[in-house]
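Peer 1:
2 protein chains.
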Amino acid sequence: MSEINRQWCLARRPVGTIDTKDLEWREEPLSALGQGDVRVRHIYLSLDPTNRIWMSDMDQYMPPVDIGEVMRGGTLGVVEESLDPSLSPGDIVTGLGGWQDYFTGPAKYLSKTTPPAGVPLPALMSVLGLTGLTAYFGLLDIGRPKQGETVVVSAAAGAVGSIAGQIAKIKGCRVVGIAGSDEKCRWITDDLGFDGAINYRTENIQDRLSTLCPDGIDVDFENVGGEILDTVLTQINLNARIVICGLISGYNATEPVPGPYHFVNILMKRAIVQGFIILDFASRFPEGVAALAQWLAEGRLKYEVDVVAGLENAPTAISRLFTGGNTGKLLVQVSPEPQ
Amino acid sequence: MSEINRQWCLARRPVGTIDTKDLEWREEPLSALGQGDVRVRHIYLSLDPTNRIWMSDMDQYMPPVDIGEVMRGGTLGVVEESLDPSLSPGDIVTGLGGWQDYFTGPAKYLSKTTPPAGVPLPALMSVLGLTGLTAYFGLLDIGRPKQGETVVVSAAAGAVGSIAGQIAKIKGCRVVGIAGSDEKCRWITDDLGFDGAINYRTENIQDRLSTLCPDGIDVDFENVGGEILDTVLTQINLNARIVICGLISGYNATEPVPGPYHFVNILMKRAIVQGFIILDFASRFPEGVAALAQWLAEGRLKYEVDVVAGLENAPTAISRLFTGGNTGKLLVQVSPEPQ
Chain A
1 MSEINRQWCL
11 ARRPVGTIDT
21 KDLEWREEPL
31 SALGQGDVRV
41 RHIYLSLDPT
51 NRIWMSDMDQ
61 YMPPVDIGEV
71 MRGGTLGVVE
81 ESLDPSLSPG
91 DIVTGLGGWQ
101 DYFTGPAKYL
111 SKTTPPAGVP
121 LPALMSVLGL
131 TGLTAYFGLL
141 DIGRPKQGET
151 VVVSAAAGAV
161 GSIAGQIAKI
171 KGCRVVGIAG
181 SDEKCRWITD
191 DLGFDGAINY
201 RTENIQDRLS
211 TLCPDGIDVD
221 FENVGGEILD
231 TVLTQINLNA
241 RIVICGLISG
251 YNATEPVPGP
261 YHFVNILMKR
271 AIVQGFIILD
281 FASRFPEGVA
291 ALAQWLAEGR
301 LKYEVDVVAG
311 LENAPTAISR
321 LFTGGNTGKL
331 LVQVSPEPQ
Chain B
1001 MSEINRQWCL
1011 ARRPVGTIDT
1021 KDLEWREEPL
1031 SALGQGDVRV
1041 RHIYLSLDPT
1051 NRIWMSDMDQ
1061 YMPPVDIGEV
1071 MRGGTLGVVE
1081 ESLDPSLSPG
1091 DIVTGLGGWQ
1101 DYFTGPAKYL
1111 SKTTPPAGVP
1121 LPALMSVLGL
1131 TGLTAYFGLL
1141 DIGRPKQGET
1151 VVVSAAAGAV
1161 GSIAGQIAKI
1171 KGCRVVGIAG
1181 SDEKCRWITD
1191 DLGFDGAINY
1201 RTENIQDRLS
1211 TLCPDGIDVD
1221 FENVGGEILD
1231 TVLTQINLNA
1241 RIVICGLISG
1251 YNATEPVPGP
1261 YHFVNILMKR
1271 AIVQGFIILD
1281 FASRFPEGVA
1291 ALAQWLAEGR
1301 LKYEVDVVAG
1311 LENAPTAISR
1321 LFTGGNTGKL
1331 LVQVSPEPQ
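Going line by line, the protein sequences match chains A and B.
Letter by letter, the first sequence follows residues 1 to 339 in the working numbering.
Letter by letter, the second sequence follows residues 1001 to 1339 in the working numbering.
#1: Using the Cα positions of G1143/B and V160/A, report the straight-line distance between them to the nearest angstrom.
#2: Within this structure, are the beta carbons of L1121/B and I1043/B separated by less than 9 Å?
#3: Cβ closer than 9 Å: which chain B residues qualify as neighbours of M268/A?
#4: For a cutoff of 9 Å on Cβ pairs, would you count I1205/B as touching chain A?
#5: CB-CB under 6 Å to L229/A, same chain, minus the five flanking residues each way: which ones, in chain order?
#6: Per DSSP, H42/A is paired with what?
#7: Provide the residue(s) that pair with C1009/B in DSSP beta bridges, ordered along the chain.
#8: DSSP three-state call for P106/A: helix, strand or coil?
#9: What are the start and end residues of the alpha helix (DSSP H) that includes A291/A?
#10: If I'm right that E127/A touches S111/A with Cβ under 8 Å, what's the distance once you round it to whole angstroms?
#11: What is the DSSP secondary structure of A240/A, reduced to helix, strand or coil?
#12: Here's the rule: buried if 16 or more other CB atoms are within 10 angstroms of the residue's CB, otherwise exposed. What is Q274/A?
#13: Tell me whether A1157/B sits in a helix, a strand or coil according to DSSP, three-state version.
#14: Find the residues of chain B that neighbour Y261/A, judging by a C-beta separation of less than 7 Å, and give them in chain order.
#15: Taking Cβ to Cβ, would you say S1046/B is nearer than 9 Å to P1014/B?
#16: Which same chain residues end up closer than 6 Å to R1208/B when comparing Cβ atoms and leaving out the 5 residues on each side of it in sequence?
#17: Give the DSSP-derived three-state secondary structure of T150/A in the structure shown.
#18: Output the boundary residues of the beta strand (DSSP E) element that contains V1340/B.
#19: Can you find a CB in chain C that lies within less than 9 Å of the CB of G68/A?
#20: Between A1157/B, D1066/B and A1117/B, which has its C-alpha nearest R1186/B's C-alpha?
#21: So, with DSSP's three-state summary, where would you put D1101/B?
#22: Taking the C-alpha atoms as reference points, what is the distance between P214/A and L192/A?
#23: When you check each C-beta in the region 280-300 of chain A against every C-beta of chain B, which residues fall closer than 7 Å?
#24: From which residue to which residue does the alpha helix (DSSP H) around A1317/B run?
#25: List the residues of chain B whose Cβ lies closer than 7 Å to the Cβ of V264/A, in chain order.
#26: Could you give the distance in angstroms between the alpha-carbon of T1211/B and the alpha-carbon of V332/A?
#27: So what's L331/A in DSSP terms, helix, strand or just coil?
#28: Below 8 Å on the Cβ atoms is my contact criterion, and I expect L1087/B with V1038/B to pass it. Report the Cβ-Cβ distance as a whole number of Å.
#29: Give me whichever residues DSSP pairs with N1199/B in a beta bridge.
#30: Please identify, using Cβ separations under 7 Å, the residues of the region 216-244 of chain A that lie next to chain B, in order along the chain.
#31: Please state the DSSP three-state secondary structure of Q1274/B.
#32: Hey, L30/A and Y109/A: beta-carbon distance below 9 Å or not?
#33: Along the region 152-179 of chain A, where does the CB come closer than 8 Å to a CB of chain B? Name the residues.
#34: Listing by chain order, which chain B residues have their CB less than 9 Å from the CB of A314/A?
#35: Within this structure, are the beta carbons of F1322/B and N1252/B separated by less than 9 Å?
#36: By DSSP, does S126/A sit in helix, in strand, or in coil?
Here it is in structure tokens:
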């Protein structure tokens, strides 16, 4: 075990896109374990659009990360030392361990997890982790798609969108994804079974939605906001459900971002726009994981992880979430998996 | 009975605020009754913000009024002739009879109505009519206020807002209204029992909402949109419900209107924004009327009507809805009530 804990700390709040100077690299000696503490060696660090929110001081759903604090991040790791009877060395745990080699702290902040047979660890940080659960509860509980309805998913090649769209297919919907490259569009249609895809960088979203959603849009699983949401709102059906999972197009904004210009269609179409945060569903995670694991085992659900090697590369890697540089779940490999 | 039917027809679609030239005055001979037809002499014509929507060709919840067509409007009248067994001369009926002295057409388009004892006819066009029902179902079914929660109502001295706020009081909520004059603010607090009022023309909405809603906002009954909704969104609580009843601030717009700049708070606060149109609740109107009539009889619900004399004045009167010139329900007296 190393005696050093490498960390990325928040040096200042980003203005616009994340600058690598917004984070500061530190190498600290490992702190001692207190009563009930464990030491976890991180294997994977999750990079998510919401990290950008935590770096800011905007109104948000958790306290912002303080300046000087280790950057918050979802982690999967292996217990190396434990002063708590609930965890033992070798246990695999997930939590918000932060952008660092080691988490040292109370065991109660961690969840022990056992990968189903044949399921690799990165699946626990993607399809069977928070992003898969976000897709599951967001689509099914908030979107409530019915068989035969049309579901549109933005950021459809992302960690959440790619799973949400596949679940909508499992539920018998027509599914159209919006993504940022022809390659991503091919992936979601050819590999994941979406009925159609729109490359928002090269195609006219309005025209393509009309073509691909001839019966209008019943559910919008929204990860992006901005022009994409605005265009979707022009084609929603009566009683449409707009699931606000993310609004990534605005997270880097330095000026106030207007809401959708077609907001009035929420009234005209008696639509429901509902925001949700996956942590609110924590008590139902076992239900979600069970369903996702079953579909995965049946081959009905595919997922992709995009693994960047080395904690030192986290600040540059996270920018890819905002430029469309990743497909599927973006992870950082902090240390090797246990043998 | 007159042989002439005076009408206001839509001459052109308004650009911005309604211009009296957007409507054309016609005097037509009364048309003959066909099989199943009735002739109704209009007593009251309802003027509503949604009339402005019908005049436009924006995406909307009913077909726009065609150019040259009699302007659509809610009416209460008395049957003078009937070729349908369901209606007899002397019956009081409501419907979308239009901006004209007489409606001549199928009885099936009309609802026979009997005012409860001691209730004047204008109550059927306000507190016990569509605006009262809009308040009832919008607040209770969409807003779902719980005892002790804080409810904000915009256009709070209007026909819908004034009733919605009182229902929220009946349900044990703290109620804050937003209106456009000190006189309206006094009316909703001193006469209607709202806990607080904000004059949006003279007061800082943000500061006053903070003061008057110390526990945040749980339900927003939104009739206005624009800056008012935007400011409310900054102070909503977790799982707030935003009832989109109307967005009158945008109906006269000649440029695209941005949605709320604090749209992202829908996500952060896991809020629900839901549009509704009262006509969707038609099957439940008897339930709503019964509850409203009961509260009215118990003196727990007050209402005001603002009656403009003469069909010829309808085009000028309707502008008052957009300038804040009315308190309570705005009606046009088309002809005298039956003795």
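Cβ atoms here follow ideal geometry from the backbone N, Cα and C, with glycine treated the same way.
Peer 2: Based on what the coordinates show:
#1: Against the second sequence, residue 1143/B aligns to sequence position 143. Against the first sequence, residue 160/A aligns to sequence position 160. Spanning the two alpha carbons is a distance of roughly 30 Å.
#2: The sequence position of residue 1121/B within the second sequence is 121, counting from 1. The sequence position of residue 1043/B within the second sequence is 43, counting from 1. L1121/B places its beta carbon less than 9 Å from that of I1043/B.
#3: Working through the first sequence from its first residue, we reach residue 268/A at position 268. Per Cβ cutoff of 9 Å: I1053, M1058, D1059, Q1060, Y1061, G1275 and I1277.
#4: For the purposes of this step, residue 1205/B is taken as the residue at position 205 of the second sequence. No, I1205/B lies away from the interface with chain A (no Cβ there is under 9 Å from its Cβ).
#5: By one-based count along the first sequence, residue 229/A stands at place 229. The residues are E222 and P260.
#6: Translated into the one-based positions of the first sequence, residue 42/A becomes position 42. Its beta-bridge partners are G77/A.
#7: Indexing the second sequence from 1 puts residue 1009/B at position 9. In the DSSP output, where bridge partners are listed per residue, C1009/B has E1024/B and V1070/B.
#8: Residue 106/A sits at position 106 when you count from the first residue of the first sequence. Per DSSP, reduced to three states, the secondary structure at P106/A is strand.
#9: Stepping through the first sequence from its first residue, residue 291/A is reached at position 291. Segment F285 to A297, the alpha helix (DSSP H) holding A291/A.
#10: One-based indexing of the first sequence puts residue 127/A at position 127. One-based indexing of the first sequence puts residue 111/A at position 111. It should be pointed out that residue 127/A corresponds to Val in this sequence rather than to Glu. Going by Cβ atoms, the distance from V127/A to S111/A rounds to 17 Å, so no, they are not a contact pair.
#11: Locating residue 240/A in the first sequence gives position 240, where the first residue counts as 1. DSSP places A240/A in strand when its eight states are reduced to three.
#12: Translated into positions along the first sequence, residue 274/A becomes position 274. Result: buried.
#13: For the purposes of this step, residue 1157/B is taken as residue 157 along the second sequence, with counting starting at 1. In the structure shown, A1157/B sits in coil (DSSP, three-state: anything other than H, G, I, E or B).
#14: Here residue 261/A refers to the residue found at position 261 when the first sequence is read from its first residue. Chain B residues near Y261/A: P1256, V1257, P1258 and G1259.
#15: Here residue 1046/B refers to the residue found at position 46 when the second sequence is read from its first residue. Here residue 1014/B refers to the residue found at position 14 when the second sequence is read from its first residue. No, Cβ-Cβ distance for S1046/B and P1014/B is not below 9 Å.
#16: As a working mapping, residue 1208/B is identified with position 208 in the second sequence. Within the same chain, I1198 come within 6 Å of R1208/B by CB-CB distance, once the 5 residues on both sides are set aside.
#17: Start at 1 with the first residue of the first sequence, and residue 150/A comes out as number 150. DSSP places T150/A in strand when its eight states are reduced to three.
#18: Residue 1340/B is absent from the model: chain B starts at 1001 and stops at 1339.
#19: As a matter of chain content, chain C is missing from the structure shown, whose protein chains are A and B.
#20: As a working note, residue 1186/B is residue 186 in the second sequence. Cα-wise, what sits closest to R1186/B is A1157/B.
#21: On the second sequence, residue 1101/B is found 101 positions in, with the first residue counted as 1. For D1101/B, the three-state secondary structure derived from DSSP is coil.
#22: For the purposes of this step, residue 214/A is taken as the residue at position 214 of the first sequence. For the purposes of this step, residue 192/A is taken as the residue at position 192 of the first sequence. C-alpha separation (whole angstroms): 21 Å.
#23: D280
#24: The residue you call residue 1317/B lines up with position 317 of the second sequence. Run containing A1317/B: A1314 to I1318, per the alpha helix (DSSP H) assignment.
#25: Residue mapping note: residue 264/A aligns to position 264 of the first sequence, counting from 1. Per Cβ cutoff of 7 Å: L1247 and G1250.
#26: The residue labelled residue 1211/B in the question sits at position 211 within the second sequence. The residue labelled residue 332/A in the question sits at position 332 within the first sequence. T1211/B and V332/A: Cα-Cα distance of roughly 46 Å.
#27: On the first sequence, position 331 is the one that residue 331/A refers to. If DSSP states are grouped into helix, strand and coil, L331/A belongs with the strands.
#28: What you label residue 1087/B is simply residue 87 of the second sequence in a count that begins at 1. What you label residue 1038/B is simply residue 38 of the second sequence in a count that begins at 1. Correct: roughly 5 Å between the Cβ atoms.
#29: In the second sequence, counting from the first residue as 1, residue 1199/B sits at position 199. DSSP lists A1179/B as partners of N1199/B.
#30: I244
#31: Numbered from its first residue, the second sequence carries residue 1274/B at position 274. Note: Q1274/B maps to strand in three-state DSSP.
#32: On the first sequence, position 30 is the one that residue 30/A refers to. On the first sequence, position 109 is the one that residue 109/A refers to. It is not a contact, given that the beta carbons lie outside the stated cut-off.
#33: none
#34: Your numbering for residue 314/A matches position 314 in the first sequence. By Cβ distance, chain B contributes nothing, its closest Cβ being about 24 Å from A314/A, past 9 Å.
#35: In the second sequence, residue 1322/B corresponds to position 322, counting from 1. In the second sequence, residue 1252/B corresponds to position 252, counting from 1. Going by C-beta atoms, F1322/B is nearer than 9 Å to N1252/B.
#36: The sequence position of residue 126/A within the first sequence is 126, counting from 1. Residue state, collapsed to three classes: coil.
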